[in-house]
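S.K.: Before I ask anything, let me first share the structure, which is written out below as structure tokens.
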Ligand SMILES: C[S@@+](CC[C@H](N)C(=O)[O-])C[C@H]1O[C@@H](n2cnc3c(N)ncnc32)[C@H](O)[C@@H]1O
């Protein structure tokens, strides 16, 4: 383990992606429940695939392959590929491709669920003299110190700081990553993440750590996730994406959290239970204050308009 403080971006990169990093040594599903762990989510994505006529689906940051495994039986004849730094999980069938890098071209749908929030950023803070300084962190303890003055046009444009102690995560790395990904797509590109826009930036930033299903102290030591919400308006401006809340996107794809009628429990108990489970998942995926608040950044290079407002 490196001793001494590092710029946050470097410490974060090592903590998640170095040889002993968090995502190299554990699967996301061991630590948190996301959209892709619900079959209703795959059902909605299958509807999107059908309505846009996509021939290929690339899941960027595929984790344990959960989305692709659930999608496989729902989208006949569509080529499925997981792009993931971690090795192919045993559960992923041979018919699904698995590779560490994005293909040069995606003909259909590129989806990245909870990828951008794990792209490391510089972290800055306004000091008592009104100077923006880079925040440094000790990778072993999480203890922070302020480093050199930090000049950033992105900060001035997208996340100006006002009061001493105000902090920001510099979104340029996310902007660049999604711009590159979208440039490869002929069809629809969707990034899904927690985020904020200029009107509701978190004043002290949103750097967090999670492990084993709960929030823990923020320490970039490789034992836990390090994440920060995405400045989605900046990414959208660069990629020409529409910003849609997940609850609205899923409603447009036919998801409905209404419970099945009670009579069905008598006439067809199996269908009733399936309906109840689907409604429960839809409710969780579309919840206020929960997954429904996710932002979908949608770029539609062919003008399908499936998710258009
Ligand atoms: C929070 S997990 C999300 C996994 C899954 N999409 C989900 O929603 O459960 C982030 C995943 O992104 C992967 N990842 C991060 N950067 C990547 C990159 N440049 N290429 C491929 N995978 C990447 C990590 O290994 C990790 O599995």
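Residue numbers (our numbering): 563 to 871. All C-beta atoms in this analysis are idealised placements derived from N, C-alpha and C, irrespective of residue type, glycine included.
(1) Using a Cβ-Cβ cut-off of 7 Å (strictly less than) and excluding sequence neighbours within five positions of residue 661, which residues of its own chain qualify?
(2) How many angstroms separate the CA atom of residue 778 from the CA atom of residue 586?
(3) Relative to the C-alpha of residue 618, which candidate in 600, 684 and 640 has its C-alpha closest?
(4) Between residue 705 and residue 817, what straight-line distance do the alpha-carbon atoms span, to the nearest angstrom?
(5) Among 600, 688, 680 and 793, which residue has its Cα nearest to the Cα of residue 723?
(6) With distances taken from CA atoms, which of 655, 591 and 680 is nearest residue 770?
(7) What is the rounded straight-line gap between the Cα of residue 576 and the Cα of residue 678?
(8) Taking the alpha helix (DSSP H) that residue 776 belongs to, which residues open and close that run?
(9) Please confirm whether residue 573 and residue 765 have their CB atoms less than 8 Å apart.
(10) At which residues does the beta strand (DSSP E) containing residue 732 begin and terminate?
(11) Could you check if residue 864 is buried or exposed, using at least 16 other CB atoms within 10 Å of its CB as the buried criterion?
(12) Take the Cβ of residue 796 as the centre, count every other Cβ of all protein chains shown within 10 Å, and call the residue buried at 16 or more, exposed below.
(13) Should the stretch 692-708 be called in touch with the stretch 587-598, which here means at least 3 C-beta pairs below 8 Å?
(14) Who are the Cβ neighbours of residue 841 in its own chain at under 8 Å, not counting the five residues just before and after it?
(15) Tell whether a beta-carbon distance below 8 Å holds between residue 634 and residue 655.
(16) For the alpha helix (DSSP H) containing residue 670, list its first residue and its last residue.
(17) Residue 717: buried (16+ other C-beta within 10 angstroms of its C-beta) or exposed?
(18) State yes or no: is the C-beta of residue 601 nearer than 7 Å to some heavy atom of ligand 1?
(19) By how many angstroms is the C-alpha of residue 857 removed from the C-alpha of residue 669?
(20) Are there any heavy atoms of ligand 1 lying less than 7 Å away from the beta-carbon of residue 646, as far as the coordinates show?
(21) Could you check what DSSP says for residue 599 in three-state terms: helix, strand or coil?
(22) At a cut-off of 7 Å, is residue 854 close to ligand 1 when judged by its beta-carbon and the heavy atoms of the ligand?
(23) Using 10 angstroms around the beta-carbon of residue 738, count the other beta-carbons present and answer buried if the total reaches 16, otherwise exposed.
(24) Would residue 812 pass as a contact of residue 606 if the rule is Cβ separation under 8 Å?
(25) Nearest by alpha-carbon distance to residue 854: which of 806, 579 and 638 is it?
(26) Pull up the distance between the alpha-carbon of residue 824 and that of residue 830, whole angstroms please.
(27) Comparing alpha-carbon positions, which option in 787, 567, 623 and 610 lies nearest residue 636?
(28) Rank 750, 768 and 599 by C-alpha distance to the C-alpha of residue 756 and give the top, closest one.
(29) Pick from 844, 753, 748 and 628: whose alpha carbon is nearest that of residue 673?
(30) Any heavy atom of ligand 1 closer than 7 Å to the beta-carbon of residue 598?
M.R.: The relevant details are as follows:
(1) Position 99 of the chain shown, counting from 1, holds the residue named residue 661. Counting only Cβ-Cβ distances below 7 Å, and skipping sequence neighbours, we find 643 and 645.
(2) The residue you call residue 778 lines up with position 216 of the chain shown. The residue you call residue 586 lines up with position 24 of the chain shown. Rounded to whole angstroms, residue 778 to residue 586 spans 19 Å at the Cα level.
(3) As a working mapping, residue 618 is identified with position 56 in the chain shown. Out of 600, 684 and 640, 640 has the C-alpha closest to the C-alpha of residue 618.
(4) For this step, residue 705 is matched to residue 143 along the chain shown. For this step, residue 817 is matched to residue 255 along the chain shown. Each residue's Cα considered, the two are about 44 Å apart.
(5) Position 161 of the chain shown holds residue 723. Nearest option by C-alpha distance: 688.
(6) Walking along the chain shown from the start, residue 770 turns up at place 208. Of 655, 591 and 680, the residue nearest in Cα terms is 680.
(7) To locate residue 576, count along the chain shown from 1; it is residue 14. To locate residue 678, count along the chain shown from 1; it is residue 116. C-alpha separation (whole angstroms): 16 Å.
(8) Walking along the chain shown from the start, residue 776 turns up at place 214. Here residue 776 belongs to no alpha helix (DSSP H); instead the beta strand (DSSP E) covers 776-778.
(9) Residue numbering aside, residue 573 sits at position 11 when the chain shown is read from its first letter. Residue numbering aside, residue 765 sits at position 203 when the chain shown is read from its first letter. Their beta carbons are not under 8 Å apart, which means residue 573 does not touch residue 765 by this criterion.
(10) Stepping through the chain shown from its first residue, residue 732 is reached at position 170. Taken as a continuous stretch (DSSP letters only), residue 732 belongs to no beta strand (DSSP E), as it is neither H nor E.
(11) By one-based count along the chain shown, residue 864 stands at place 302. Label assigned to residue 864: exposed.
(12) The residue you call residue 796 lines up with position 234 of the chain shown. The residue is buried, with at least 16 neighbouring Cβ atoms inside 10 Å.
(13) no
(14) Here residue 841 refers to the residue found at position 279 when the chain shown is read from its first residue. Result list for residue 841: 818, 819, 820, 821 and 822, in chain order.
(15) In the chain shown, residue 634 corresponds to position 72, counting from 1. In the chain shown, residue 655 corresponds to position 93, counting from 1. Cβ distance < 8 Å, so residue 634 and residue 655 count as in contact.
(16) Walking along the chain shown from the start, residue 670 turns up at place 108. Run containing residue 670: none in the alpha helix (DSSP H); it sits in the beta strand (DSSP E), 668-675.
(17) In the chain shown, counting from the first residue as 1, residue 717 sits at position 155. Answer is buried; the Cβ neighbour count reaches 16.
(18) Locating residue 601 in the chain shown gives position 39, where the first residue counts as 1. The answer is no for residue 601.
(19) Counting from one through the chain shown, the residue named residue 669 turns up at place 107. Counting from one through the chain shown, the residue named residue 857 turns up at place 295. So the alpha carbons of these two residues sit roughly 23 Å apart.
(20) Here residue 646 refers to the residue found at position 84 of the chain shown. Checking the Cβ of residue 646 against ligand 1 gives yes.
(21) Counted from its first residue, the chain shown places residue 599 at position 37. Of the three classes helix, strand and coil, the one that applies to residue 599 here is helix, per DSSP.
(22) The residue given as residue 854 occupies position 292 in the chain shown. Checking the Cβ of residue 854 against ligand 1 gives no.
(23) Locating residue 738 in the chain shown gives position 176, where the first residue counts as 1. That one is exposed.
(24) Looking up residue 812 in the chain shown gives position 250. Looking up residue 606 in the chain shown gives position 44. Yes, Cβ-Cβ distance for residue 812 and residue 606 is below 8 Å.
(25) Counted from its first residue, the chain shown places residue 854 at position 292. Nearest of 806, 579 and 638 to residue 854, Cα basis: 806.
(26) Indexing the chain shown from 1 puts residue 824 at position 262. Indexing the chain shown from 1 puts residue 830 at position 268. Between residue 824 and residue 830, the C-alpha separation is close to 10 Å.
(27) The count along the chain shown starts at 1 and reaches residue 636 at position 74. Of the candidates 787, 567, 623 and 610, the one whose C-alpha sits nearest the C-alpha of residue 636 is 610.
(28) What you label residue 756 is simply residue 194 of the chain shown in a count that begins at 1. Nearest of 750, 768 and 599 to residue 756, Cα basis: 768.
(29) Translated into positions along the chain shown, residue 673 becomes position 111. Nearest C-alpha to residue 673: 753.
(30) The residue labelled residue 598 in the question sits at position 36 within the chain shown. Yes, the beta carbon of residue 598 sits closer than 7 Å to at least one heavy atom of ligand 1.
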